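Taking it in order: structure first as structure tokens, then the write-up.
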Amino acid sequence: MKFIYTVIAFAMMLAISLPTLAQVRRLTGIIRDGQGQPLPGASVTIKGQLAGATADGDGRFSLNASQQGPIRLTISMVGHERQELTVTRVDQPIEVRLVATTSQLQEVVVGASRVEERLLRAPVTVEKMDVRAIRETPSASFYEGINNLKGVDMVTSGLTYRQINTRGFASTGNSRFLQLIDGIDNQPAGFGFSVGNMFGLSDLDAESVELVPGAASALYGPAAFNGVLLMTSKDPFRNQGLSVQSKVGVNHLGDANAGAALYTDHAIRYAKAVGSRFAFKLNASYMAGLDWFATVYSDVNQTTSPELRGASNPARNALNVYGDEVVRTLPGIGQVSRTGYAEKDLTDYNVYSLKLNGALHYRITPKLEAIYAYNFARGTANYTGSNRFSVNGFSLTQHRIELRGSNFFVRWYSNAEDSHDSYNTRSLGQQINRTWVRDLAGNVVTPDKADQTWFDRYAAAFAGTIPSVSANSQAAARAFADQGRLLPGTSEYEAQKNRLTGVQGLAGAGILSQTSMWHTDGQYNLTSVLKNAAEVLVGGNYRQYSLFTNGTLFDDKGGRILYSEFGAFMQVSKTLLADRLKLTVSGRFDKNQNFAGYFTPRASAVFSATDRHHFRASYQTGFRNPTPSDQFIKLNVGPITILGGAPSNSAGMNVYENSFTASSVNQFGAGFGADVNKVGPQQAVLNNKDKLQKSNVPYIAPERVNSVEVGYRGLLTSNLSVDANYYYGVYTNFILNTVVLRPDSPVLGSDGKPNPAAAQDILNGRVQAFQLYTNAPDNVSAQGATLGLNYRTPGGYQLSGNGTWSSFDIRNADPNNVAAFNTPRLKTNVTLGHRNVAPNLGFNVAWHWQEGFDWVGSFNALIPGPVPAYHLLDAQVNYRVPSLKTMFKLGASNLTNQYVVQAYGSPAVGGLYYISITFDQGLK
């Protein structure tokens, strides 16, 4: 590590000491639209170099050029046609007029092929938010506004935590979707997925967002199974000055759980170029508010008949109540569950998100730039996983060092997480319940005896053996068993809550993760080397994980768990038929030290019938490596040990090699029970031992997908554009859990049949149950289509609409072996806006609707729960004061205040109403 910093520092010092290679010339000018109005935010770049600038609020720009002779400039702006011009004299200001275009399809994207290309000719589906769309989104943040792109599914677990997915198999912790910020994978490595934008960009520093739906592993590696989201921050050379945003709002209107609550989001950005070579930027943002409440109290106890479930069910298991999962079957009474605590009494709904960022950019030459960036983020969120987790004070620290040229880059970065005060709310409810239980003599028992003692009190009271307690009364028995129960809000309750959240491991609710990862990658465009015979791109990466939970989740008390992976790719593109046909072939090889290597190819063709009509077809592949938890969890929870599927994780435990399937053990037990009183125990074992089946569980491996896509992008008229696609994908190797039992004796005898001694071990309790992570061989398929239309009226109104159809076919697969699709069949978005409906006055309205569907997740033990159909209306109106370089914005997310649930067990999300003031580039 020190060596890397030393080399970079030496290179920068050497570059600074180099003499100026050419006289620096300063270019200045103004960019206007077709009506002569300034175009703030327009981009100016010197072709073939890194140098560039962004027009200020008056449309003016300035940049330095070190080359001699004519200078070729490229000028671009959202909603306008790109223009190139040659400058021969720099002593006169340059004036450029950009012609408005009606289509966003004229934009340039990078995400589809990792090189710049027109969106019209991108080989796969790509969605983009540019700087103007980010600035004018009606949603409370640009990240939330991504939901209005076609094909996007967004799941909200809380005010600070959202997950994005495309093309099915959504989850609240989406490890099948890759999220990059300036090329950095911003996932906390211990999670194995990005935590929305909690550790991402502020609105002030966001330059663009590109979304590539579907399998993209051929270019982006293992995590790009369902797609990739690429967010780019603003360059300090091109976007200089001071920018400040203050946003104040209110939510929880009409919420029975809380009165109207204050929402604040403040951000500041400062960037400055010092001379023509050095620039820096600083960012800080802080958001705070009252989170949405998860208050679904439906009884989800599956062992109770549906008609008997509810508040009067003695074994009630309310969805967002924790502690009532602890249940016993009491003789003569039936099933009874403990009294739990509501989530709102266990978690802290006061959430925040702090983001700090700094970056140093140094241009060694006009075509070579060195970058160092530092990011620190810390926040609180409520996340729905297998339980509801309070991600409390969780922090992520990132360092990035990059050397970037006009046709290559080399990058190194690190992610380090610290869970701080995070905890499991379900465990917290169960553990608080074990702190106050009294025996029949009135003495508080130890936590290990608390549950059984509570049920003993319940049974005694119900049986009528307790004086003054009515017999045969479920309510009276519960009241007696609950005597001494800690009540939320009392000092005793809060003291135990605070203590237990600080206890990590099975004895408490605290979570410890100080996992980190180091990543290096590079890319080189060989096109110029090959004299433009074809466009050839090569690249590769290496990543190392360092896991540490101090034994609370992984077997790492003796030290960190280290493992690594690497990958390399090549892409070749060639245009034919007078540039009307573009063929692209990509291939990537990846190797994780725990799995076999995988090759993922991609092939595509784009045919441009005319400059206005473009047809595309592609074959894509993807795979997903198991997360660190999938591979290395080793957690003994008493009756069962949860065991990750990496081969090294179970070395010496003889589990995969010597165990019975759980279903066959159940069959053996039933057969033995039926025979034992007839023929005696020894013969009953011999009669039924062959019902036992040796497990054949493979070690965990990556999930796989193969898909095809066809699409069309075109300009139907000068005012109307269309983008349509259809895809079909086949999925296999879904990661799942299976239960096996390992006896002390060998499972097979010398004859290759089940060993009677192993069968006897089962009866004598000399077995250990394991929940193993593995893969299912079943194949399933998914298909879908999207259609997007964009129309610009003669009066300047922009009307856009898109619709998405998704379908899942389980084929002949076992439903227990397949990941939940968790995607609505139909969804649609409609947006209407005008940037200048009156002088300096603009507005934007976005409407989203989706069909209802059943959500399946581990939070509810993989039992389907309804997500009803809903619609959302976001709206904003803005007024710009160019002389003050300030924009006022009044807006609302979910204007009609519909309380909607996007994943079963997650909170109901209502309206958020805000006003913001943005001062942009005031010190240009």
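Residue 211 in the working numbering is what sits at position 155 of the sequence shown, and the numbering runs on without skipping anything.
Cβ atoms here follow ideal geometry from the backbone N, Cα and C, with glycine treated the same way.
For clarity, every value in this text was computed on a predicted model and none was experimentally measured.
Under 7 Å between C-beta atoms of residue i and residue j
i: Pro-292; j: His-455; result: no
i: Leu-365; j: Glu-399; result: It should be pointed out that residue 365 corresponds to Arg in this sequence rather than to Leu. No. Outside cutoff.
i: Gly-113; j: Glu-266; result: no
i: Val-764; j: Gly-770; result: no
i: Val-407; j: Thr-436; result: yes
i: Thr-677; j: Pro-695; result: no
i: Gly-256; j: Thr-571; result: no
i: Ala-107; j: Leu-83; result: no
i: Asp-14; j: Asn-339; result: Nothing about residue 14 can be read from this structure; the chain reaches only from 57 to 980.
i: Ser-393; j: Asp-401; result: no
i: Val-836; j: Tyr-787; result: yes
i: Gly-449; j: Leu-424; result: no
i: Ala-532; j: Arg-513; result: no
i: Phe-826; j: Val-803; result: no
i: Pro-179; j: Thr-640; result: yes
i: Gln-552; j: Ile-617; result: no
i: Gly-270; j: Ser-862; result: no
i: Val-886; j: Gly-857; result: yes
i: Leu-568; j: Asn-597; result: no
i: Ala-673; j: Val-753; result: no
i: Ala-841; j: Thr-228; result: no
i: Asp-209; j: Thr-879; result: yes
i: Leu-556; j: Trp-492; result: no
i: Ser-264; j: Asp-186; result: yes
i: Arg-232; j: Phe-281; result: yes
i: Ser-442; j: Ser-914; result: yes
i: Glu-151; j: Lys-184; result: no
i: Arg-177; j: His-670; result: yes
i: Pro-96; j: Ala-111; result: yes
i: Asn-463; j: Asn-373; result: no
i: Ala-925; j: Leu-951; result: no
i: Lys-411; j: Ser-289; result: no
Residues bridged to residue i [DSSP beta-bridge criterion]
i: Ser-763; result: Gln-676 and Gly-785
i: Val-306; result: Leu-318 and Tyr-969
i: Ala-718; result: BP columns for Ala-718 are empty, so no partner.
i: Ala-841; result: Tyr-782 and Trp-861
i: Ala-415; result: Lys-337 and Ala-429
i: Thr-142; result: Arg-128
i: Tyr-439; result: Phe-445
i: Asp-577; result: Arg-467 and Asn-597
i: Arg-94; result: In the sequence on display, residue 94 carries Pro and not Arg. Paired residue(s): Arg-88.
i: Trp-348; result: DSSP lists no partner for Trp-348.
i: Tyr-829; result: Asn-793
Supposed close pair residue i, residue j - CB separation, criterion 8 Å
i: Arg-644; j: Ala-274; result: 5 Å
i: Gly-921; j: Ala-948; result: With 8 Å as the limit, Gly-921 and Ala-948 do not qualify as a contact, their Cβ atoms being about 28 Å apart.
i: Phe-117; j: Gly-90; result: The pair is not a contact, with the Cβ atoms about 18 Å apart (cut-off 8 Å).
i: Asp-612; j: Gly-595; result: With a Cβ gap of about 32 Å, Asp-612 and Gly-595 do not count as contacting.
i: Gly-898; j: His-890; result: 6 Å
i: Ala-702; j: Ile-756; result: 7 Å
i: Val-268; j: Gly-252; result: 18 Å between Cβ atoms; not a contact.
i: Arg-494; j: Gly-540; result: 5 Å
i: Thr-683; j: Gly-277; result: About 14 Å; that fails the 8 Å criterion.
i: Gly-727; j: Lys-747; result: 6 Å
i: Phe-724; j: Asn-744; result: 5 Å
i: Ile-371; j: Asn-357; result: Residue 371 is actually Ala in this sequence, not Ile. Indeed, because the Cβ distance is near 5 Å, the residues count as touching under 8 Å.
Neighbour flag for residue i against chain C, beta carbons, 7 Å
i: Ser-99; result: Chain labels in this structure do not include chain C; a single protein chain is all it has.
Are the stretch 809-821 and the stretch 684-704 touching, with three or more C-beta to C-beta distances below 8 Å?
no
If contact is defined by three or more beta carbon pairs under 8 Å, each pair taking one atom from either stretch, is the stretch 553-566 in contact with the stretch 586-595?
no
Unbroken stretches of the beta strand (DSSP E), 3 residues or longer, contained in the stretch 450-538:
464-474
Could you name each continuous beta strand (DSSP E) segment of 3 residues or more that falls completely within the stretch 653-703, going from the start of the chain to the end?
654-666, 669-680, 690-692 and 696-699
Every unbroken alpha helix (DSSP H) inside the stretch 228-313 [4 residues or more]:
273-276
Contact the stretch 466-484 vs the stretch 501-512: 3+ CB pairs below 8 Å
no
Output the residue ranges of the beta strand (DSSP E) runs that lie fully inside the stretch 140-207 and measure 3 residues or longer, sorted by chain position.
150-154 and 183-185
Touch check for the stretch 630-638 and the stretch 662-671: three-plus C-beta pairs under 8 Å?
yes
Does the stretch 308-324 touch the stretch 335-351, meaning 3 or more C-beta pairs lie closer than 8 Å?
yes
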